[in-house]
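S.K.: The structure is given below, and queries will be raised subsequently.
Residue numbers (the UniProt record's numbering): 1 to 237.
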């Protein structure tokens, strides 16, 4: 039986999920130099510390990542074959592939953005977990947190799971987290209902004071609630 090495498996995973080594470094904390040496084959037996972080991110076992365990019942094949095999088994019957939302510039240099689903980046969730949280499978989305406004709870680069089925002002539970489309900018904030509108609150209130918007300003600022945050995850640094 032909064994794959960590370099070929990692390359296939990066390809499959549509992310770069730089993005993987940001999401896992594994040094870029280490990732580069793994991918080039200079490191053939990475430390358990780094392998565990990468395997957890891609939701595979450390043995699969190291090439010690087959990822499908079939064997052998080129790097392209590995890629295809990984895509075949990337989603089991008890899992749902949840797409990431991202900011997309309408035209080069225009400075105007819209929020769209990524065609390449996704995260897998168990169907049981989504049901337990009252999330319909097709209403689950993922958003990446940017900046320091939600420290110390959510760091830059944290991922949140969003229930797009709860996107109305009437759905707001005071103090809960919500993903927001603020005129093309993805934001994650605590929301509060006010008699005249809504309040956006950051955990890091020293640097990011409350933002109150009247119902008219919500329209003018093009603020749209994308959904209620039901899950979040991030790596320790």
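We treat Cβ as the ideally placed atom computed from N, Cα and C, and that holds for glycine.
1) So what's residue 150 in DSSP terms, helix, strand or just coil?
2) Tell me the rounded alpha-carbon separation between residue 15 and residue 179.
3) Three-state secondary structure (DSSP) at residue 95?
4) Going by C-alpha to C-alpha distance, which of 44, 234, 18 sits closest to residue 118?
5) In terms of residues, what are the limits of the beta strand (DSSP E) holding residue 30?
6) Give every residue of the same chain whose Cβ lies closer than 7 Å to the Cβ of residue 167, excluding the five residues on either side of it in the sequence, and list them in chain order.
7) Alpha carbons only, please: which of 129, 172, 209 is nearest the one belonging to residue 194?
8) Go to residue 212, then tell me how far its beta strand (DSSP E) extends in each direction, as first and last residue.
9) Leaving out the 5 sequence neighbours to the left and right, which residues in its chain are closer than 7 Å to residue 78 when beta-carbon positions are compared?
10) Taking 8 Å as the threshold (C-beta atoms), are residue 160 and residue 114 in contact?
11) Quick check: what's the CA-CA separation for residue 103 versus residue 116?
12) Under 7 Å: does the beta carbon of residue 14 sit that close to some heavy atom of the ligand FMN?
13) Distance, Cα to Cα, residue 214 vs residue 140?
14) Rounded to whole angstroms, what's the CA-CA distance from residue 222 to residue 20? Just pull it up for me.
15) How close, in whole Å, do the beta carbons of residue 53 and residue 235 come, if the pair is a contact with beta carbons under 8 Å?
16) Hey, out of 65, 120, 152, 129, whose CA is closest to residue 231's CA?
17) Could you give the distance in angstroms between the alpha-carbon of residue 9 and the alpha-carbon of residue 98?
M.R.: Well, looking at it:
1) The residue given as residue 150 occupies position 150 in the chain shown. Residue 150 sits in coil when the DSSP states are folded into three classes, being neither helix nor strand.
2) Against the chain shown, residue 15 aligns to sequence position 15. Against the chain shown, residue 179 aligns to sequence position 179. Here the alpha carbons of residue 179 and residue 15 stand approximately 28 Å from one another.
3) Translated into the one-based positions of the chain shown, residue 95 becomes position 95. Note: residue 95 maps to strand in three-state DSSP.
4) To locate residue 118, count along the chain shown from 1; it is residue 118. Measuring from the Cα of residue 118, the nearest candidate turns out to be 18.
5) Counted from its first residue, the chain shown places residue 30 at position 30. Segment: none, residue 30 is in no beta strand (DSSP E) and carries neither H nor E.
6) Translated into positions along the chain shown, residue 167 becomes position 167. For residue 167, the CB contacts under 7 Å within the same chain, skipping 5 residues up- and downstream, are 225, 226, 227 in chain order.
7) Residue mapping note: residue 194 aligns to position 194 of the chain shown, counting from 1. Nearest of 129, 172, 209 to residue 194, Cα basis: 172.
8) For the purposes of this step, residue 212 is taken as the residue at position 212 of the chain shown. First-last of the beta strand (DSSP E) with residue 212: 211 to 214.
9) The residue given as residue 78 occupies position 78 in the chain shown. Bear in mind that a pLDDT of 30 at residue 78, under 50, signals an unreliable position, so the number given afterwards is only what the model happens to contain. There are no such residues.
10) As a first step, residue 114 is located in the chain shown; it is residue number 114 there, counting from the start. As a first step, residue 160 is located in the chain shown; it is residue number 160 there, counting from the start. Remark: C-beta atoms of residue 114 and residue 160 do not approach each other more closely than 8 Å.
11) On the chain shown, position 103 is the one that residue 103 refers to. On the chain shown, position 116 is the one that residue 116 refers to. Cα to Cα, residue 103 sits roughly 7 Å from residue 116.
12) As presented, the structure is devoid of all ligands, the ligand FMN included, so that no description of it is given.
13) Taking the first residue of the chain shown as position 1, residue 214 is located at position 214. Taking the first residue of the chain shown as position 1, residue 140 is located at position 140. If you take the alpha carbons of residue 214 and residue 140, they lie about 28 Å apart.
14) By one-based count along the chain shown, residue 222 stands at place 222. By one-based count along the chain shown, residue 20 stands at place 20. When rounded, the distance between both Cα atoms is 32 Å.
15) To locate residue 53, count along the chain shown from 1; it is residue 53. To locate residue 235, count along the chain shown from 1; it is residue 235. About 7 Å; that satisfies the 8 Å criterion.
16) Position 231 of the chain shown, counted from the start, is the residue given in the question as residue 231. Closest by alpha carbon: 129.
17) One-based indexing of the chain shown puts residue 9 at position 9. One-based indexing of the chain shown puts residue 98 at position 98. In this model, residue 9 and residue 98 are separated by some 22 Å (Cα to Cα).
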